[in-house]
Amino acid sequence: MGRTMTDSHYEETWVQGESERLGFQYPGVIDLSWKKRLLGPLLCLVTALYLGVCYFAFDVSGVVERARGDMAQLFALDAYAHKIHATYQFKKPDQGFVVSLEGSKRAIYKEHPAWIEGNGAHSLISLGSDGILQFNGDTVTYRHPEFEQAFIFKVGEGAPEFIAGAPPAWLKVSKTQVNARPSLFTRIWITKSKVEAQRYFAGWENFWFDFDSELNGVSARELLKIAFSSERLDPDISNVRFILSEFWTNSEWQHGEVYFALFQTLIMAVVGTLIAGILALPLAFAAAANVNPLAVARTGLRRFFDFLRGVDMLIWSLIFIRAFGLGPLSGIFAIFFTDTGTFGKLFSEAIENADKKQAEGVQATGASAVQKYRFGLFPQILPLFISQMLYYLESNTRSATVIGALGAGGIGLKLIETMRTRQDWENTLYLIALIIIVVMVMDQLSSWLRRKLIEGQA
Amino acid sequence: MASYPALADASRLAEISQSYERVARNRTLYTLLLIALCALSISGGLYIADQANSGGFWTGLGKFFDYPAELFLGAYEKGGMGLFRLTLQYLPYLFETLNIALVSTLLAFFLGGALSFVASRTLVSNRLVVALMRRVMDVFRAFPEIVIALLLVLIFGPSPVAAVIAVTTHTIGALAKQFSEVNENCDLKAVEGIRSMGGNWFEQIRFGILPQVLPNFLSYALLRLEVNVRASAILGFVGAGGLGAELKMVVDWNYGADILVIIFMLVVSIALIDYLSGVLRHKLIGQSGQV
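Just so you know, the sequences run in chain order A and B. FYI, in this note's numbering the residues of the first sequence are 31 to 488. FYI, in this note's numbering the residues of the second sequence are 32 to 322.
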């Protein structure tokens with residue numbers, strides 16, 4: 031490229047000379063030994079092999095195959111949507127279609143929604159994009175937009191009978207019942223005693239006020255109006271208090287209980303961390319070589335810290351739950367036992383690493399031993415002490431949730447209880463969201479405080 | 032410069048001493064307030080917790096040693112040979128728990144490492160990408176392992192895979208945050224050098240950043256390994272396999288010797304990993320390395 035032979039030749043020799051010089055100056059950098067060159071790829075290979083072995087050891091493909099995908103889908107749907115049942119019972123024709131939330135007898139709507147037309151023996155139920163269900167007293171006609179021919183069932187006398195139409199895979203006809211799931215959002219269920227249509231709608235129903243509350247379904251604007259009107263809904267208390275107490279005592283979402291549980295979890299984390307820090311501080315001084323000259327006492331304390339830390343929080347919580355019963359007190363003790371060990375180790379190391387010049391300077395002024403450590407050592411380790419405690423505060427919020435689920439109460443126990451019912455997935459999602467928010471807030475708060483207190487910047 | 036006019040002036044001295052006293056008074060006040068706040072939250076918290084507990088503190092205090100005594104009695108009845116046999120019996124489960132922890136730490140090391148480069152302000156100029164990645168990290172980190180494990184156990188059934196996914200998710204968030212802090216603290220001269228030679232972003236990371244940060248990365252991952260062994264033992268309690276599942280079973284059945292053997296195995300393995308990772312970390316980042 032425009033270069034002459036001599037130029038490129040010169041360049042070559044220069045590069046060669048330079049690389050020789052560098053190789054001589056920094057031996058082992060350019061000419062890596064075979065050992066070092068192979069180390070990286072070898073480690074990667076071993077890791078890949080190990081992960082491959084574990085893939086088979088954990089039977090990942092088998093687990094994925096057996097996974098209940100349908101169940102996961104249903105959980106996900108139920109977590110953000112609510113289900114409304116419209117049920118017609120042949121024994122109670124005068125009731126007509128009874129519309130209820132999740133089929134609960136305690137949550138029956140007084141007025142029919144717009145998607146149900148007519149009542150009793152001549153009803154038309156719109157199923158959204160899944161077509162229309164028509165009920166004529168003794169026949170059920172279901173028209174799906176993708177099928178030209180309607181599906182017709184004879185009902186009312188004994189088991190439902192399939193009259194017309196070729197049933198697709200999602201329509202299951204057995205001897206006793208008809209079960210149709212045209213999509214995830216719709217289900218038609220016909221037995222010898224009833225015709226039922228179930229539809230999912232997005233949103234958390236009755237989140238603010240429960241079904242029986244006077245305030246159920248009231249819009250935010252009306253709510254404000256009620257709050258400021260002088261006409262009392264409950265003659266004993268003001269409207270604002272009434273609204274708050276209706277929200278707090280919501281029987282389906284249990285806001286009051288949930289927030290109290292959350293508060294308990296926070297108490298576990300805060301009190302556990304505080305007690306651990308306060309207890310660990312004098313112990314750490316006693317375990318530091320530059321404070322305590324007694325080697326036996328130091329080693330004993332160190333082993334004690336190791337013991338507290340090594341016996342996991344899980345095991346401490348088991349022991350304390352046995353002694354103190356289920357509840358946050360056991361959680362507090364589990365956290366502070368474990369963390370006294372952790373803090374003791376961290377603080378004593380910090381004290382040993384502290385600069386001794388300051389302490390000597392204080393001693394030179396004629397200070398007593400206590401004053402020497404108070405003014406010479408303590409200010410040096412205080413920032414570390416506070417920052418470690420704040421750091422563990424955040425991680426203990428998460429730990430408190432975990433040991434709460436094992437029986438120490440609080441939001442963790444609440445979560446595991448709602449999950450065990452396998453029904454109220456919207457409540458589960460609500461609790462998970464609250465936990466995540468609280469942990470994130472604690473995280474931000476602790477790092478903000480650390481920045482502000484330690485580095486002196488907001 | 033022989034005289035010090037500011038100090039010679041007596042009124043100025045008085046002023047300094049006054050303002051010093053004011054600062055000192057304020058500090059004492061703040062300290063006292065902080066101590067009062069701590070005392071209040073401890074006593075209040077303990078009171079509320081004591082009320083909410085099914086058993087009280089004072090009644091429980093006497094029973095504190097009952098459970099450990101019961102366990103030791105059970106172990107004593109089993110005898111040395113019996114305990115040894117139990118240890119062998121539970122060894123595969125310990126192995127499973129350790130595997131869960133190691134696999135999740137490894138997966139999180141690679142995934143979190145990759146994420147951390149995109150979440151470092153010094154390496155990515157697009158502020159939006161960095162902010163987005165940081166929020167993703169925060170959410171990952173905020174998930175307590177047990178929440179994910181509970182959900183996955185329902186879907187996958189009792190299986191260590193649930194524990195691996197749960198621990199990995201949390202660890203990705205935790206490691207990525209620490210890693211990105213390491214990335215932001217490292218020297219950018221090598222990156223500039225590689226950029227001047229025409230290296231693309233990946234080459235800048237691979238040859239400019241990675242050699243600098245790898246020892247710190249490994250050190251953090253080793254610290255995390257110990258945390259993850261504890262976490263995977265706990266996850267067994269909700270059915271995610273390993274030693275925790277066995278522990279839950281024997282705790283429910285109240286088999287003293289078995290409980291003690293499992294606790295002993297857990298504590299010893301955690302202590303061993305703690306010690307080994309400490310030695311390795313010292314080798315990686317040297318005596319002076321503070322992580």
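C-beta atoms are modelled at their ideal positions from N, C-alpha and C, and glycine is treated no differently. In this text the structure is predicted, and so the values were computed from the model without any measurement.
Best match in Val213/B, Val269/B and Ser74/B for proximity to Gly144/B [C-alpha to C-alpha]
Numbered from its first residue, the second sequence carries residue 144/B at position 113. Of the listed residues, the one whose Cα sits closest to Gly144/B is Val213/B.
Inter-residue spacing [alpha-carbon to alpha-carbon] between Val109/A and Val170/B:
Position 79 of the first sequence, counted from the start, is the residue given in the question as residue 109/A. Position 139 of the second sequence, counted from the start, is the residue given in the question as residue 170/B. Sequence check: residue 109/A is Ala here, not Val. Distance between the alpha carbons of Ala109/A and Val170/B: 19 Å.
Whole angstroms are fine: how far does the CA of Ala302/B sit from the CA of Ile73/B?
Counted from its first residue, the second sequence places residue 73/B at position 42. Counted from its first residue, the second sequence places residue 302/B at position 271. Just so you know, the alpha carbons of Ile73/B and Ala302/B end up roughly 31 Å apart.
Start-to-end residues for the beta strand (DSSP E) that takes in Thr117/A
Translated into the one-based positions of the first sequence, residue 117/A becomes position 87. Counting along the chain, the beta strand (DSSP E) containing Thr117/A begins and ends at Ala111 to Gln119.
Please classify Arg251/A as buried or exposed, where buried requires at least 16 other C-beta atoms within 10 Å of its C-beta.
By 1-based counting over the first sequence, the position of residue 251/A is 221. Exposed.
Members of the segment 415–435 of chain A near chain B, C-beta cut-off 7 Å:
Arg428, Thr431, Val432 and Ala435
If I follow the unbroken alpha helix (DSSP H) through Tyr460/A, where does it start and stop?
In the first sequence, counting from the first residue as 1, residue 460/A sits at position 430. Where Tyr460/A is concerned, the enclosing alpha helix (DSSP H) stretches over Trp455 to Arg480.
Indicate the three-state DSSP secondary structure (helix, strand or coil) for Met31/A in the structure shown.
Here residue 31/A corresponds to residue number 1 of the first sequence, with the count starting at 1. Any answer about Met31/A is weak, because its pLDDT of 47 lies below 50 and its placement is not dependable; what the coordinates show is given next. Coil, per DSSP.
Trp478/A: buried (16+ other C-beta within 10 angstroms of its C-beta) or exposed?
Position 448 of the first sequence, counting from 1, holds the residue named residue 478/A. By the 10 Å Cβ count, Trp478/A comes out exposed.
Within 8 Å of any Cβ in chain B, is that where the Cβ of His152/A sits?
On the first sequence, position 122 is the one that residue 152/A refers to. Taking Cβ atoms only, chain B never reaches closer than 8 Å to His152/A, which makes this a no.
Which of helix, strand or coil DSSP assigns to Phe88/A
Indexing the first sequence from 1 puts residue 88/A at position 58. Of the three classes helix, strand and coil, the one that applies to Phe88/A here is coil, per DSSP.
I'd like to confirm the pairing. Which residues does DSSP put opposite Glu147/A in its beta bridges?
If you number the first sequence from 1, residue 147/A lands on position 117. In DSSP, Glu147/A forms a bridge with Leu154/A.
Beta-carbon neighbours of Asp369/A, restricted to chain B and to distances below 8 Å
Within the first sequence, residue 369/A is the residue found at index 339, counting from 1. Ordered by position in chain B, no residue passes the 8 Å Cβ test against Asp369/A, which lies about 13 Å from the chain.
Using a C-beta cutoff of 8 Å, does Arg404/A count as contacting chain B?
Residue 404/A sits at position 374 when you count from the first residue of the first sequence. False, the Cβ-Cβ gap to chain B never drops below 8 Å.
Following the continuous alpha helix (DSSP H) through Tyr139/A, name the residue where it begins and the one where it ends.
Start at 1 with the first residue of the first sequence, and residue 139/A comes out as number 109. Element bounds for Tyr139/A: n/a, residue is neither H nor E.
Three-state secondary structure (DSSP) at Tyr56/A?
The residue you call residue 56/A lines up with position 26 of the first sequence. Tyr56/A falls in the coil class under three-state DSSP.
For Gln294/A, tell me which candidate among Ala55/B, Ala80/B, Ala70/B and Val54/B has the shortest Cα-Cα distance.
If you number the first sequence from 1, residue 294/A lands on position 264. Comparing Cα-Cα distances from Gln294/A to each of Ala55/B, Ala80/B, Ala70/B and Val54/B, the minimum goes to Ala80/B.
Short of 6 Å in beta carbon distance, which residues of its chain neighbour Phe405/A, apart from the five on each side in sequence? Order them along the chain.
Along the first sequence, one-based indexing puts residue 405/A at 375. Answer for Phe405/A: Val392, listed in chain order.
Which ranges would you report for the alpha helix (DSSP H) in the segment 205–272 of chain B if only whole runs of at least 4 residues count?
220–227 and 241–266
Ser147/B - DSSP class collapsed to helix/strand/coil
Looking up residue 147/B in the second sequence gives position 116. Here Ser147/B carries a helix assignment [DSSP, helix/strand/coil].
Taking only three categories from DSSP, how would you classify Val208/A?
Here residue 208/A corresponds to residue number 178 of the first sequence, with the count starting at 1. The answer is strand: DSSP assigns Val208/A an E or B state.
Could you name the residues of chain A that Ser72/B contacts, counting a contact when the two beta carbons are closer than 8 Å?
In the second sequence, residue 72/B corresponds to position 41, counting from 1. By Cβ distance, chain A contributes Val300, Val301 and Leu304.
Give the C-beta separation of Gly442/A and Thr451/A to the nearest angstrom, bearing in mind that I take them to be a contact with Cβ-Cβ under 8 Å.
For the purposes of this step, residue 442/A is identified with residue 412 of the first sequence, where counting begins at 1. For the purposes of this step, residue 451/A is identified with residue 421 of the first sequence, where counting begins at 1. 16 Å between Cβ atoms; not a contact.
According to DSSP, what are the bridge partners of Lys375/A?
To locate residue 375/A, count along the first sequence from 1; it is residue 345. When beta bridges are read from the DSSP output, Lys375/A appears opposite no residue.
Residue(s) in a DSSP beta bridge with Ser130/A:
Translated into positions along the first sequence, residue 130/A becomes position 100. Answer is His115/A and Ile138/A.
Asn57/B touches chain A at which residues, Cβ-Cβ below 7 Å?
Looking up residue 57/B in the second sequence gives position 26. Here the premise fails: no neighbours, minimum Cβ distance about 15 Å.
For Arg182/A, report the span of its beta strand (DSSP E) as first-last.
Along the first sequence, read from residue 1 onward, the residue named residue 182/A stands at position 152. The residue you asked about is not Arg; residue 182/A is Ile in the sequence shown. First-last of the beta strand (DSSP E) with Ile182/A: Phe181 to Lys184.
Express the C-alpha separation of Ser213/A and Ala438/A in angstroms, rounding to a whole number.
Position 408 of the first sequence, counted from the start, is the residue given in the question as residue 438/A. Position 183 of the first sequence, counted from the start, is the residue given in the question as residue 213/A. Looking at the two C-alpha atoms, the distance is approximately 42 Å.
The beta strand (DSSP E) spanning Phe165/A covers which residue range?
In the first sequence, residue 165/A corresponds to position 135, counting from 1. That run of the beta strand (DSSP E) goes Ile162 to Phe165.
Within 8 Å of chain B by C-beta, residues of the segment 64–93 of chain A in sequence order:
Thr77, Tyr80, Leu81, Cys84, Ala87, Phe88, Asp89, Val90 and Val93
What does Ser360/A touch in chain B if you count any residue whose Cβ is under 7 Å from its own?
Position 330 of the first sequence, counting from 1, holds the residue named residue 360/A. What Ser360/A touches in chain B: Asn84.
Would Met31/A be called buried (16 or more neighbouring beta carbons within 10 Å of its own) or exposed?
Position 1 of the first sequence, counting from 1, holds the residue named residue 31/A. For Met31/A, the predicted structure reports a pLDDT of 47, less than 50, and the residue's modelled location is therefore unreliable. The matter cannot be settled from this model.
Selection of the segment 280–295 of chain A by Cβ proximity to chain B, strictly under 7 Å
Residues passing the 7 Å Cβ filter: Gln294.
In whole angstroms, give me the CA-to-CA distance for Gln158/A and Cys69/B.
On the first sequence, residue 158/A is found 128 positions in, with the first residue counted as 1. On the second sequence, residue 69/B is found 38 positions in, with the first residue counted as 1. The sequence given here places Gly at residue 158/A; Gln does not occur at that position. Gly158/A and Cys69/B: Cα-Cα distance of roughly 58 Å.
Every unbroken beta strand (DSSP E) within the segment 227–279 of chain A, with a cutoff of 3 residues, ordered by chain
none
Taking Ile240/B as the query, report the chain A residues whose CB atoms sit under 8 Å from its CB, ordered along the chain.
On the second sequence, position 209 is the one that residue 240/B refers to. In chain order: nothing, as chain A lies at least about 16 Å away.
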